[in-house]
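Participant: One structure, as C-alpha cells, below. Some questions next.
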Amino acid sequence: MIGILGGTFDPIHFGHLRTALEIAEGCGMEQVRFIPGSIPPHRPQPVASAQQRLDMVQLAIADETQFVADSRELDRAGESYTVTTLQSLRDDFGDEVPLAFIMGMDAFLSFRRWHRWQDIMQMAHLVVMHRPGYEPDVSEWHGSSHVQQHCELQQSPAGRIAFQSVTQLAISATFIREASRDGHNLRYLLPEPVRAYIAAHDLYTTR
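Counting from 1, one number per residue, gives the positions in the sequence shown under UniProt numbering.
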C-alpha cells in the first residue's frame, strides 16, 4: 500500500515526519509519498518557492527509504486538486495497488465539501489522523466504508476509511516561519539539513 501525504510543506517539519512514520507503521504501508502542493485552493500562497519546498522535503526524508518526494503537483500548472493528483498516481501505479490518502480530522470533517470527493473515494482509501484517546464519529458514513482493522485496507485498492491515532507534536509551519522572522533558533523543530537550508537561503526572514 502506498500512502499519500500532501501539503504546502512551507517548511516541512518533525510534525509531518513523525505523523508519516506512525501512519506507515500503523497501516503497513510500503511507501509514503510526500507531495508538495502547487497552488492550494482557498489558501494563501506559500512563502518559499515550489523548488525550495521540494528541496526541503528531499532533504528532510533523505535518510528514510520508505519516504519519497513526489513533485507531480509542482510539475503541473494550475491549482492543486486531490482528485487530479490521485488520477495521476493511478496512471502510474495502476488500478490494483491500494492507495491511501492521509488527512487530518479537520479536513475529514469537511471532506464532503471537497472538489469531486466521491471520485477521491473511488481512487483511494482515506487514513484519518487523530489525537490519542479521541473517538471519531463515523455515524454519517456507511458501515461498509469504515474499517476497524487497518489490514483491511490492503484487501482493496480504494474506498475504505481508517482512523489512526498519532502523536500530536505542537509544531506548525506557521510557528516556524514566525519564529524565523523573530530571529529564534529553529533547531529541534525540523531536521537539521532543512534548518541549514532555510538559513542558507534566507527564508522566512521578512513579514
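Don't be surprised by glycine CBs; every beta carbon is placed ideally from N, CA and C.
Threshold first: 4 residues or longer. Then list the alpha helix (DSSP H) segments lying entirely within the region 97 to 131, N to C.
Facilitator: Correct list: 105 to 109, 117 to 123.
Participant: Look at histidine 36 and glutamate 73 and say whether their C-beta atoms are less than 8 angstroms apart.
Facilitator: The amino acid occupying residue 36 in the given sequence is proline; histidine does not appear at that position. For proline 36 and glutamate 73, yes; Cβs fall inside 8 angstroms.
Participant: Just checking my contact of glutamine 118 with alanine 158 at CB under 8 angstroms: how many whole Å lie between their CB atoms?
Facilitator: Contact flag wrong, Cβ pair sits at about 11 angstroms.
Participant: Going by alpha carbons, who is nearest to arginine 18 out of Arg90, Val166, Ser145, Asp95?
Facilitator: Minimum Cα distance to arginine 18 is reached at Val166.
Participant: Provide the residue span of the beta strand (DSSP E) that contains proline 36, from first to last.
Facilitator: First-last of the beta strand (DSSP E) with proline 36: 31 to 36.
Participant: According to DSSP, is glutamate 192 helix, strand or coil?
Facilitator: If DSSP states are grouped into helix, strand and coil, glutamate 192 belongs with the helices.
Participant: What whole-angstrom Cβ distance do arginine 33 and valine 68 have, given they're in contact under 8 angstroms?
Facilitator: Contact flag correct, Cβ pair sits at about 5 angstroms.
Participant: On a Cα-Cα basis, can you pick out the residue from His130, Thr85, Ser80 that is closest to isoleucine 23?
Facilitator: Comparing Cα-Cα distances from isoleucine 23 to each of His130, Thr85, Ser80, the minimum goes to His130.
Participant: State whether the region 42 to 49 contacts the region 83 to 94, with contact taken as three or more CB pairs (one from each stretch) at a distance under 8 angstroms.
Facilitator: These segments do not touch.
Participant: Mapping DSSP to helix, strand and coil, what is proline 87?
Facilitator: It is glutamine, not proline, that sits at residue 87 in the sequence shown. In the structure shown, glutamine 87 sits in a helix (DSSP, three-state: H, G or I).
Participant: Per the DSSP calculation, isoleucine 4 is bridged to which residue(s)?
Facilitator: Beta-bridge pairing links isoleucine 4 to Arg33, Phe101.
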